[in-house]
Amino acid sequence: MDFEKYMSLPWQEKLEEFMTTRSVTNRTPAYYINWDKVRDNTTKYEVELNTLNYLVGKNNINEEATMLFTKQPNLLKAIPTLIANRDYDLDILRINDDKSMSFDHLNFTNIDETKIEDYVTFMEESGLLAFLQNDAKKSLVDYAFGVEAGLDSNGRKNRSGTQNEEILEINLSKLVEGTDWQYATQIGVAEIKRRWDIDVPTDKSSRRFDGVVYNPSTKTVTLIETNFYGGGGSKLKAVSGEFRDLNGFVTKEDVQFVWISDGMGWDTARLPMSEAFEQIPYIINLNMVNNGYLRKIVDD
């Protein structure tokens, strides 16, 4: 369906078109792992990890570890990586032989050289020494790469939140090619005023828009918010209400608002989305952006 036909539909039919043309994912291959972060986190302690290879396969590993860390205490800074932990300042609960509990504190950033035996005991009780003695191969750097790759999967939730912003950046850079249009991302109303001398009403001073496109021919700015919901939740209802109100607040002769949203999560929040469609003229999905809808809106 072309843009003109879409815009001529009653909001109920626009909603249907939106719902039936949604994307099942916004995950590019780069979403799954941030190799730069994995590499940086591993190479940060590469020297220490290579030195710790000395402990691999040692029979008397407790004594060897104590001797090694006494001579080179800073090697302990690499231990959190080997146990797949981001926290370098650890509070530890120990259950003693008599079933009593005791607490300890170990700092792996600022090594306490008076507690070398406590660090080694922690490595023993965590199972790390047994791993180094019986299971580890020669390269702890390679092992650490694997650990960091696994830890990076925890960052996918955060990456999901920024994925659509990155997609928007790509689409906006493509949008302005060959035109005199200008765009910006993550921009506030003060910067919009400074760049293009257009006053954008704001519902809160901290408001930043995911994207803005300025068309000098029409002397208008198009404000863009974007999100993707693969699953449901209360947030979808809240976002619908927020953007419905935002559209009414910011829209004026030289300012228009576009909401780019997508994802199967809207199956669980159809009513809030329908209420948004009643009041926001420009709600489109990624498929519609790909088909030139955003270009038509900015050029209008």
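In terms of numbering that gives the first Met the number 0, the sequence shown opens at residue 0 and continues consecutively.
Ideal Cβ positions, reconstructed from N, Cα and C, are used throughout, including at glycine.
Every value quoted in this text rests on a predicted model; they were computed, and no experiment measured them.
Per DSSP, reduced to three states, the secondary structure at residue 85 is coil, with no helix or strand assignment.
The continuous beta strand (DSSP E) containing residue 258 extends over residues 254-261. DSSP, reduced to helix, strand and coil, places residue 183 within a strand of the structure shown.
Only exposed fits residue 27, as fewer than 16 other CB atoms lie within 10 angstroms of its CB.
With contacts defined by Cβ atoms closer than 8 Å, residue 281 and residue 255 form a contacting pair. Around the beta carbon of residue 171, 16 or more other beta carbons sit within 10 angstroms, so the residue counts as buried.
Around the C-beta of residue 212, 16 or more other C-beta atoms lie within 10 Å, and the residue is accordingly described as buried. About 33 Å separates the Cβ atoms of residue 37 and residue 174, ruling out a contact at the 8 Å cut-off.
In the displayed model, residue 53 falls within a helix according to three-state DSSP. When 6, 7, 3 and 12 are compared, the shortest CA-CA separation from residue 273 is found for 12. Taken through DSSP and simplified to helix, strand or coil, residue 224 comes out as strand.
Taken atom to atom, the span from the alpha-carbon of residue 60 to that of residue 33 is near 35 Å. A Cβ-Cβ separation of about 22 Å leaves residue 88 out of contact with residue 65 under the 8 Å criterion.
The residues 44, 47, 48 and 51, in chain order, have a CB closer than 7 Å to that of residue 77 in the same chain once the five nearest residues on each side in sequence are set aside. With distances taken between CA atoms, residue 31 lies nearest to 155 out of 117, 200, 155 and 207. Judged by pairs of C-beta atoms under 8 Å, the region 8-25 does not touch the region 136-147, as fewer than three such pairs exist. Exclusion of the five residues before and after residue 250 leaves 256 as the residues of its chain whose Cβ lies within less than 6 Å of its Cβ.
At the C-beta level, residue 188 and residue 201 come within 8 Å of one another. Taking the Cα of residue 117 as reference, the smallest distance to any Cα among 93, 83, 3 and 295 is reached at 93.
The closest CA to that of residue 73, considering only 112, 285 and 97, is found on 112.
Between residue 69 and residue 110, the beta carbon gap of about 11 Å keeps them out of contact (Cβ cut-off 8 Å). Between the region 228-247 and the region 256-267, the count of C-beta pairs closer than 8 Å reaches three or more; the two stretches touch.
With at least 16 other beta carbons inside 10 angstroms of its own, residue 210 counts as buried. Rounded to whole angstroms, residue 63 and residue 53 show a C-alpha spacing of 9 Å. The continuous alpha helix (DSSP H) containing residue 194 extends over residues 188-195.
The alpha-carbon of residue 152 is positioned some 12 Å away from that of residue 29. Inclusion of residue 240 and residue 271 in the CB contact set at 8 Å is warranted, their separation being smaller than that value. In the structure shown, the three-state DSSP call for residue 219 is strand. The three-state secondary structure of residue 292, taken from DSSP, is helix. Annotation: residue 272 is outside any beta strand (DSSP E); the continuous alpha helix (DSSP H) that includes it extends over 269-278. Measuring C-alpha to C-alpha distances from residue 176 to each of 35, 294 and 55 identifies 294 as the nearest. By the Cβ neighbour-count rule, residue 169 is exposed, with fewer than 16 other Cβ atoms within 10 Å of its own.
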